[in-house]
Each structure stands twice: as C-alpha cells, then as structure tokens.
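Trainee: Residue numbers (our numbering): 59 to 168.
Ideal Cβ placement from N, Cα and C applies to all residues, glycine included.
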Amino acid sequence: SLACTTGNNHACDETGGKPDETGPCISYETCGFDIGCPFGKCEDCMPCSQQQSIMFACLGSIGFCCICCCSGWCWRNWYTPTTGTTKIGNKEEVNWHVTQGEGEEKIHIV
59 SLACTTGNNH ACDETGGKPD ETGPCISYET CGFDIGCPFG KCEDCMPCSQ
109 QQSIMFACLG SIGFCCICCC SGWCWRNWYT PTTGTTKIGN KEEVNWHVTQ
159 GEGEEKIHIV
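#1: Residue range of the alpha helix (DSSP H) that Gly142 falls in?
#2: Nearest to Glu163 by CA position, among Cys106, Lys149, Glu151, Thr140, is which residue?
#3: Which whole-angstrom value is the C-beta distance of Cys127 and Gln109, which I expect to be below 8 Å?
#4: Under the assumption that Val156 contacts Ile165 (Cβ atoms under 8 Å), give the Cβ distance between them as a whole number of angstroms.
#5: Which residue marks the beginning of the beta strand (DSSP E) containing Glu151, and which one marks its end?
#6: What's the C-alpha gap between Cys106 and Ala115?
#7: Since I believe Thr144 is in contact with Trp154 (beta carbons under 8 Å), could you give me their beta-carbon distance rounded to a whole number of angstroms?
#8: Going by C-alpha to C-alpha distance, which of Cys83, Met113, Ser119 sits closest to Asp102?
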C-alpha cells in the first residue's frame with residue numbers, strides 16, 4: 059500500500075515521497091540557431107556531430123525516396139513497350155504493336 063505524506067493521493071509516488079515541485083531551468087537565450095546543430099549546444103544535448111549525422115541521414119532518406127519515385131514514374135512513362143510478341147492460349151505466338159490515333163491508343167495484332 060502507499061503511504062502519502064502530502065495529503066494529495068495523486069501527488070505521491072510508490073515510496074510515498076513528494077515529487078519535486080521545482081527543477082533547474084536552462085536558459086537558451088544566448089544560444090543562436092545553428093543548422094548544423096539543430097538541437098542546440100548544451101551539456102545535456104547530443105554532440106553536434108551526432109546531430110548532423112541524424113539530420114543528413116533523414117534528408118538523405120527523403121531525397122533517395124524522391125529520386126526512386128521520380129525514376130519509377132519516368133521509367134513507366136518513357137519506356138512503355140510499343141511493340142512485342144505474346145502467346146495467345148498455349149500455342150500461338152503473335153506480334154503486336156500500339157498505334158496512336160485521335161487521342162486514343164489501339165493495339166493491333168499482326
């Protein structure tokens with residue numbers, strides 16, 4: 059069971075002690091923003107080299123995804139086959155080609 063020494067059951071932890079009401083303040087007023095160190099330069103913060111690594115990894119991943127999506131879209135739209143050979147059923151092999159007419163594409167089997 060819990061023994062609450064503060065008179066407020068919601069303010070107690072498992073040991074029955076009162077949690078801290080105050081804590082030390084950190085002033086960031088003198089810290090200018092540095093794009094290479096976005097989380098700040100302080101004793102408790104990550105080192106700037108680690109912050110830069112995380113930032114470049116995130117930006118690189120986003121850039122890689124954009125390049126892959128654009129490459130896939132270009133490949134799909136620019137390298138669509140216009141002629142080829144296919145099998146109908148299990149036996150007959152036919153040649154085909156795509157022709158473009160007045161705003162529509164048609165497949166002709168030769």
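Mentor: According to the structure data:
#1: DSSP places Gly142 outside any alpha helix (DSSP H); the residue lies instead in the beta strand (DSSP E), whose first and last residues are 141–146.
#2: Closest option to Glu163, Cα to Cα, is Thr140.
#3: Incorrect: roughly 28 Å between the Cβ atoms, too far for contact.
#4: Contact between Val156 and Ile165 holds: CB atoms are separated by about 6 Å, below the 8 Å threshold.
#5: Where Glu151 is concerned, the enclosing beta strand (DSSP E) starts and stops at 150–158.
#6: If you take the alpha carbons of Cys106 and Ala115, they lie about 14 Å apart.
#7: Between Trp154 and Thr144, the beta carbon gap of about 6 Å places them in contact (Cβ cut-off 8 Å).
#8: Considering only alpha carbons, the answer is Cys83.
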